[in-house]
Structure formats: C-alpha cells, structure tokens
Amino acid sequence: MNLKHTLLATTATLLLAASQTLTAADVAENWTKHCGSCHGADGTAKTKAGRMAGAKDLTDAAYQKQFTDDQILQRLKDGVSDKGKEKMKPFKGTLTDDELKALVAKVRTFAK
Ligand code: HEC
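The sequence shown maps to residues 1013 to 1124 in our numbering.
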C-alpha cells in the first residue's frame, strides 16, 4: 500500500467511526435541521411553522410530564396525526433510533 492509499483508508475509517458516534454537535444539528422549524431553537415553538402545526411549548414542565421518553420516541418514529391531518411527520426513515433517542434527551433539556 502506498502513502496515498494509506491516507484514503485512514480517512474512510475515520468517517465510518464518526458516523457511528453521536456528538452533541450532531444532535444540535439534527434538532436545527429536523425539529427547529416547528419547535424553535429553544423549544418554545414560537415559529411560523410551529404555530401553523400547533406545536406546544416544550419548556413547559407540566406539558412534558404528559409523556414518557418511550412515548416521545414512538411518536417521533410514527409521527403525529389528528383527524387524518399530519401534525408531525414520521422520522423513522430519516433518523436512526440512536439519533431519535438523543433528540428525546435534548427535548428533556428544554424543561427544567
Ligand atoms: C411540522 C412541524 C413539526 C416538526 C418538524 C417536528 N414537530 Fe414535534 N410536534 C409538532 C406538533 C404539532 C406537535 C404536537 C402534537 C399534539 O398536538 O400533541 C409535536 C409534538 C412533539 C413533542 C411532544 C410529545 C408528543 O409526543 O406529542 C415532542 C417531544 C416533539 N414534538 C419533538 C420533536 C422532535 C424531536 C422533532 C424533530 C425530530 C420534531 N418534534 C419535529 C410539530 C412538529
């Protein structure tokens, strides 16, 4: 193996390792990309899309007590619909279980 190949192999290994370990930055990025449009950067859902969808304030501890981690995970996987109208889309094809679990943990940080 010459130097170039060694470097390529090393880079590939590093990329693979990176894709398997979720960092706080990954979780923050997923939140911004997939959740923030409705729930807002701070979880208060004071965004245009959040108001339209009817998302509630995730900094409200009383609201957060209404569901367990497993229930949130399930609803993130399957999405939330009301009378046939989709309120939150299912994320199971877009994000992995680990990514969704990390987002559940992030959701919990909004309510203190
Ligand atoms: C299209 C807007 C939209 C997006 C994008 C969105 N949500 Fe929601 N989400 C909602 C709405 C609307 C509700 C409230 C459903 C209801 O009436 O109870 C909700 C509810 C929730 C709840 C409350 C618990 C529950 O089970 O209802 C949590 C937690 C949550 N979302 C997390 C997330 C996370 C994490 C993401 C990103 C992976 C996300 N949401 C993306 C609109 C959205």
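Quick reminder that beta carbons are idealized off the backbone N, C-alpha and C, glycines included. From a predicted model like this one, the values you see are computed outputs, not experimental measurements.
Item	Value
Three-way DSSP call (helix, strand, coil) for LYS1060 in this model	helix
LYS1124 beta carbon near the ligand HEC (any heavy atom closer than 8 Å)	no
Same chain only: Cβ atoms within 8 Å of VAL1092, ignoring 5 sequence neighbours per side	GLU1098, LYS1099, MET1100
Separation of ALA1036 from HIS1051, as counted between CA atoms	18 Å
N- and C-terminal bounds of the alpha helix (DSSP H) containing ASP1090	1081-1090
Where the beta strand (DSSP E) through MET1068 begins and ends	Checking the sequence, you will find Lys at residue 1068 rather than Met. Unbroken run through LYS1068: none, as it is neither H nor E.
Reduced DSSP category for ASP1110 - H, G, I as helix; E, B as strand; rest coil	helix
Alpha carbon of THR1108 to alpha carbon of ALA1114, nearest angstrom	10 Å
Cβ neighbour criterion (16 or more within 10 Å) applied to LEU1015	exposed
Strand pairing of GLU1098, partner residues [DSSP]	SER1093
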